Every structure is written in C-alpha cells, then in structure tokens.
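Everything on this sheet refers to the single structure shown next.
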Amino acid sequence: TNGKDTVRWEKILEMVSLADMPPEDEPQPPKLKRSRVVGWITGELRKIGRGHDPDKLALPHQANRVSHEDLFSGEFTGPASSGCTSLALSTLAATTRDGHCAGWIDCADAFDPISADDAGTALERVLWVRPPSLGDALACAERLLETEGFPLIVLDTAGAKERTAPPTQGQAWLRLSRLAASRDSVLLLLGRERSAGSSSHLVLELRPARARWSQGLVLLEELEIEVVLARHRSAPIGHCVRVAAPGNRAA
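In this note's numbering, the protein residues as written are 200 to 450.
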C-alpha cells in the first residue's frame with residue numbers, strides 16, 4: 200500500500216466511524232455491520248503501523264476522535280423573519296437565567312441587547328463578539344469553546360456580508376463540533392441555509408406561517424412560525440410544529 204492509499208483509507212475509516220459515510224440521504228448500514236467495517240479497516244492499517252485505537256472513537260474527551268453520536272451542535276435555519284433569532288434568544292435566556300455564561304458571535308452585527316433583555320436574558324452573563332469575517336467568527340467560536348466557561352455559544356451568520364465561505368469551513372464545523380462535545384457545550388449556528396452538514400446533531404428549519412398585525416397594519420404583534428425537524432441523529436425527521444413569536448423578536 201502506498202502513502203496515498205494509506206491516507207485514503209484513514210479518511211474512509213474516519214468517515215465510516217463518524218457516520219459521514221454513507222451520506223445521510225442514503226440508506227444506512229446496521230451498527231453491527233458498521234462496527235465490523237471499522238474493525239477490519241483498523242486491523243489492516245495496524246498491519247502497516249497506521250490507524251487509531253477504535254476505543255478512542257467513542258470517548259468525547261479525545262480531541263481528535265469523537266463518536267458521531269456525541270457531537271453537541273445544531274443549526275436553526277430560515278429566511279428573514281422566520282423566528283431563528285427569537286428561538287435562539289429563548290435558548291440564551293434559559294442558559295443565563297440558570298447562572299451560566301454564554302457567547303454570542305455576531306457576524307452581521309445584528310444582535311439586539313434590548314430584545315435579548317425582553318426575552319429574559321441576563322445580559323451581564325453574555326459575551327457579545329463582533330468578528331469582521333466568517334473566518335474570524337469560526338476562530339472566535341473555537342477560542343470560546345477552549346475556555347470551557349461557555350455552555351452555550353451562538354454563532355449568528357444570518358445576514359453576514361461575507362458570502363464566500365473559507366475553503367476549510369467544512370473541516371472547521373467538524374472540529375468545532377468535536378470540541379463542543381469534549382467541553383459539554385452547545386454550539387448553535389444561525390443561518391439562512393444549512394452550513395455545517397453532517398456535523399450538526401440537530402437541524403431545525405423555520406419559516407413564517409402567519410402574521411398578526413396591530414390595527415392599521417403598523418406593528419407586527421405576533422408571528423406564527425413553522426418549525427420542521429430537518430435532521431436529528433436518533434429521531435425521525437420531518438416532524439413540524441407551529442409556535443408563536445412576539446413580533447418585535449420574530450427575526
């Protein structure tokens with residue numbers, strides 16, 4: 200086996216172990232069959248002095264190998280006024296009310312402290328970061344996760360001026376998800392479209408359903424939102440519920 204083949208098989212081992220192969224929209228093999236494939240590839244690689252300890256694949260504290268089921272990350276996606284921000288603010292409020300600190304990485308400089316306060320957030324426990332680019336935002340998220348003092352980190356990319364993602368963004372999401380798992384943290388990504396792919400444990404797709412205006416159609420009082428479970432590691436997808444968000448926070 201030459202060097203290129205070895206690297207290719209190591210990549211296959213990682214993707215099969217983390218359930219990135221087959222793709223999520225393809226039929227998935229039983230866990231026993233996947234385990235056998237991982238064991239066979241690991242054994243063959245060990246014969247030439249390569250490969251990883253398969254036990255480490257199931258340990259969240261291993262920084263370079265984490266079970267795909269243990270990744271703590273998720274995405275709220277949807278168009279403008281779909282309720283993504285409102286749902287994220289509710290999560291932020293619940294975290295800070297429990298006495299924990301949280302980070303909000305704001306790519307579009309759109310975080311509104313007044314709306315956060317109205318949602319019940321303890322603002323003194325929120326670190327608000329306004330990075331100049333998406334690449335810097337990913338670096339900020341990694342740095343905050345490394346501090347181990349933030350059980351919740353929200354990365355808001357919705358409305359960001361930067362449209363072109365860094366070339367290494369795919370690897371960055373996977374690295375951040377693993378890091379979040381090892382720190383018992385939640386990394387929550389807000390965006391117009393899905394970005395993190397299979398690195399997300401949970402994906403909720405939101406869309407506006409019905410608006411209720413004040414008299415004269417001057418103020419939006421309430422927005423009814425459809426929330427669809429688009430991805431979950433262990434639950435059936437496609438379930439949809441309707442929730443109501445106050446008009447001043449339905450973004």
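Positions of the beta carbon are idealized from the N, C-alpha and C atoms, including for glycine. Note that this is a predicted model, so its numbers are computed, not measured.
* Asked: Out of curiosity, what's the CA-to-CA distance linking residue 273 and residue 243?
  -> 35 Å
* Return the first residue and the last residue of the beta strand (DSSP E) that residue 304 is part of. => 301–305
* Asked: So, helix, strand or coil for residue 266, using DSSP?
  -> Because the pLDDT at residue 266 is just 40, under 50, the model does not fix this residue reliably, and the point stays unresolved.
* To do: Starting from the Cα of residue 152, find the closest Cα among 413, 347 and 403 and give me that residue.
  => Given a span of 200 to 450 for the chain in the structure shown, any question on residue 152 remains unanswerable.
* One or two residues paired with residue 275 in a DSSP bridge -> 389 and 403
* Out of curiosity, what's the CA-to-CA distance linking residue 383 and residue 394? -> 22 Å
* Environment of residue 305 [buried if 16+ CB atoms lie within 10 Å] -> buried
* Asked: Would residue 288 pass as a contact of residue 309 if the rule is Cβ separation under 8 Å?
  -> no
* residue 184: which of 389, 336 and 396 sits nearest, CA to CA? -> Any answer about residue 184 is impossible in this case: the structure gives the chain only from 200 up to 450.
* Asked: Under the DSSP definition of a beta bridge, which residues are partnered with residue 442?
  -> 424
* Inter-stretch contact (C-beta, 8 Å, three-pair minimum) for the stretch 285–303 and the stretch 341–353 -> yes
* For residue 235, is the classification buried or exposed, using 16 other Cβ atoms within 10 angstroms of its Cβ as the cut-off for buried? -> exposed
* To do: Could you give the DSSP three-state label for residue 379: helix, strand or coil?
  => helix
* What's the C-alpha gap between residue 262 and residue 372? -> Low local confidence applies: a pLDDT of 35 at residue 262 is under 50, so the model's placement there is unreliable, with the coordinate-based value given in what follows. Taking the straight line joining both Cα atoms gives about 14 Å.
* Name the DSSP beta bridge partners of residue 352, please? -> 302 and 386
* Which two residues bound the contiguous alpha helix (DSSP H) that contains residue 344? -> 333–346
* Report yes if the C-beta distance between residue 391 and residue 278 is below 8 Å; otherwise report no. => yes
* Asked: Taking the alpha-carbon positions, what's the residue 437 to residue 429 distance?
  -> 6 Å
* In three-state terms, what does DSSP make of residue 204? -> helix
* **Beta bridge counterpart(s) of residue 410 as assigned by DSSP** => 422
* Would you identify the three-state DSSP class for residue 429, choosing helix, strand or coil? => strand
* Asked: Which residue from 209, 442, 312 and 379 puts its Cα closest to that of residue 340?
  -> 379
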